[in-house]
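Take any residue in the sequence shown, note its place counting from 1, add 11, and you have its number in my numbering.
Cβ atoms here follow ideal geometry from the backbone N, Cα and C, with glycine treated the same way.
Since we're looking at a predicted model, the values are computed, not measured.
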Amino acid sequence: MRIKSCLLYTSPSPRDLSNSSAASDVYKRQLPGYRVIFEPFHPVQCKKEFNSPFSRPYLRAFDENKELENYIKKLLTQRIKNKFINSRNKRFITYQTVIKFIRANLLLDWLYHHFHLPIVFMIRHPCAVVLERIKLRWGSHLDEFLTQKKLMEDFLAPYEDFIQDIIKEGKKHKEYALMWAIENFIPLKWIPNRPWFLITYEELFINRTQLLKKLFRYLGYEYSLKIEKESYKLSSTAAVKDKIEIEQKLILSKWQHELSNEEIKDILDIIEKFEVSLYNSDIIPHKPYF
Numbered sequence: 012m013r014i015k016s017c018l019l020y021t022s023p024s025p026r027d028l029s030n031s032s033a034a035s036d037v038y039k040r041q042l043p044g045y046r047v048i049f050e051p052f053h054p055v056q057c058k059k060e061f062n063s064p065f066s067r068p069y070l071r072a073f074d075e076n077k078e079l080e081n082y083i084k085k086l087l088t089q090r091i092k093n094k095f096i097n098s099r100n101k102r103f104i105t106y107q108t109v110i111k112f113i114r115a116n117l118l119l120d121w122l123y124h125h126f127h128l129p130i131v132f133m134i135r136h137p138c139a140v141v142l143e144r145i146k147l148r149w150g151s152h153l154d155e156f157l158t159q160k161k162l163m164e165d166f167l168a169p170y171e172d173f174i175q176d177i178i179k180e181g182k183k184h185k186e187y188a189l190m191w192a193i194e195n196f197i198p199l200k201w202i203p204n205r206p207w208f209l210i211t212y213e214e215l216f217i218n219r220t221q222l223l224k225k226l227f228r229y230l231g232y233e234y235s236l237k238i239e240k241e242s243y244k245l246s247s248t249a250a251v252k253d254k255i256e257i258e259q260k261l262i263l264s265k266w267q268h269e270l271s272n273e274e275i276k277d278i279l280d281i282i283e284k285f286e287v288s289l290y291n292s293d294i295i296p297h298k299p300y301f
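So, in structure tokens, the structure goes:
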């Protein structure tokens, strides 16, 4: 089976994108004819299919890794039979595929150069992501980053002492903020020189129609009124649309109410150290990306 087209979609955290109608619309509801491959790097659910020593591996763009390359080829050509991977799938016969990742940020350049895939990269406010991970009690995987030699050489060597200090301190909100910084500052360095499509989670809520129009142009599809109605799960009344907008703003500002001022400052200080200026204490991002 040949690969006709594929969208690689990477996102900030697990629960927000699985349950949020706005974000899931990107890969689940509104891309016509696409088959969804869900989280094929999951360290537990996909261990049999791809057993990597790292849950968030890094490769240089032109590195050779036949095991990973063969695994991605099997995903794209629909030769992996895994209930978890196919759990979001409603189309089993199609040449068009969406791979939805949250663990592939550090592989994006490798994936792009080896497979020439259209890539949609979603980023969300670090405070919101940290709050989600605190609730889910996820691991921070910081030791994993430190033990990847090429990742250290290419990006993290100047931050090694800082990373070690955060690990020793043992404060989860700082560990999650550092994880966010590592997983996002690297793709943000690549994006200006790559034909990828950057989405901010906040923009998807606030300017959904405009963003979806841009996304559809990027993918070569025509945006229609039917798609717009579907994205709002349709109710044409102004009252319902106002209610949706209020709910969206409450979701975006949730971290401002549930994190302490000290935690927010700690998170933003860590992000600033990695020179990510996209976010500050506001709920929406800043230019040039927004």
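With a 10 Å radius around the Cβ and a threshold of 16 neighbouring Cβ atoms, residue 108 comes out buried. Between the alpha carbons of residue 66 and residue 228 lies a gap of roughly 33 angstroms.
When DSSP reads this structure, residue 21 sits in a beta bridge with 112 and 132.
Judged by their CB atoms, residue 123 and residue 72 are nearer to each other than the 9 angstroms cut-off. Sequence-distant partners of residue 57 (beyond 5 residues in either direction) whose C-beta falls short of 6 angstroms from its own C-beta, in its chain, are 51.
According to the DSSP assignment, residue 223 belongs to the alpha helix (DSSP H) that extends over 219-230. About 29 angstroms separates the beta carbon of residue 177 from that of residue 111, a gap too long to meet the 8 angstroms contact definition.
Here DSSP, grouped into helix, strand and coil, assigns residue 175 to helix. For the set 166, 69, 223 and 91, the Cα lying nearest the Cα of residue 59 is the one of 91. Proximity to residue 96 across 272, 147, 54 and 175 peaks at 54, based on C-alpha coordinates. Counting C-beta atoms within 10 angstroms of its own C-beta, residue 151 has 16 or more neighbours from the protein chains shown and is therefore classed as buried. Under DSSP, residue 55 shares a beta bridge with no residue. Where residue 209 is concerned, the enclosing beta strand (DSSP E) starts and stops at 208-211. With contacts defined by Cβ atoms closer than 9 angstroms, residue 184 and residue 131 do not form a contacting pair.
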